[in-house]
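Participant: For the sequence shown, the numbering used here puts the final residue at 441, and the numbers step up evenly by one.
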Amino acid sequence: MAARHREWWLGLSEGERLQIMLDLANAGIEARMGMLRQEHPDASEAELTAIWTEERYRDSLPADFLARAVAAIRARDR
Numbered sequence: 364m365a366a367r368h369r370e371w372w373l374g375l376s377e378g379e380r381l382q383i384m385l386d387l388a389n390a391g392i393e394a395r396m397g398m399l400r401q402e403h404p405d406a407s408e409a410e411l412t413a414i415w416t417e418e419r420y421r422d423s424l425p426a427d428f429l430a431r432a433v434a435a436i437r438a439r440d441r
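1. Give the secondary structure of residue 440 by DSSP, where H, G and I count as helix, E and B as strand, and everything else as coil.
2. Three or more C-beta pairs under 8 Å: does that hold for the segment 365-376 against the segment 395-407?
3. The alpha helix (DSSP H) spanning residue 409 covers which residue range?
4. Classify residue 365: buried if its beta carbon has 16 or more other beta carbons within 10 angstroms, exposed otherwise.
5. Are residue 407 and residue 440 close, meaning C-beta to C-beta below 7 Å?
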């Protein structure tokens, strides 16, 4: 990171830094959701959320827990 960027970053309050990080995370999620909408044009929002959740957490959550969570998301369509 360039020195001026580091100075700028360190000059921000913790709240400002957190807000920037959350905004970037949300932008990434929205970008992926947009791609999923293109890949699955007929999918409901619940189904798209289920697909995203499986992609995002398949390597970090126990499989049985993830399966229950995804099933609960998909149940929103019923």
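All C-beta atoms, glycine included, are put in the ideal place defined by N, C-alpha and C. These figures come from a predicted structure and were not determined experimentally.
Facilitator: The answer reads as follows:
1. helix
2. no
3. 408-420
4. exposed
5. yes
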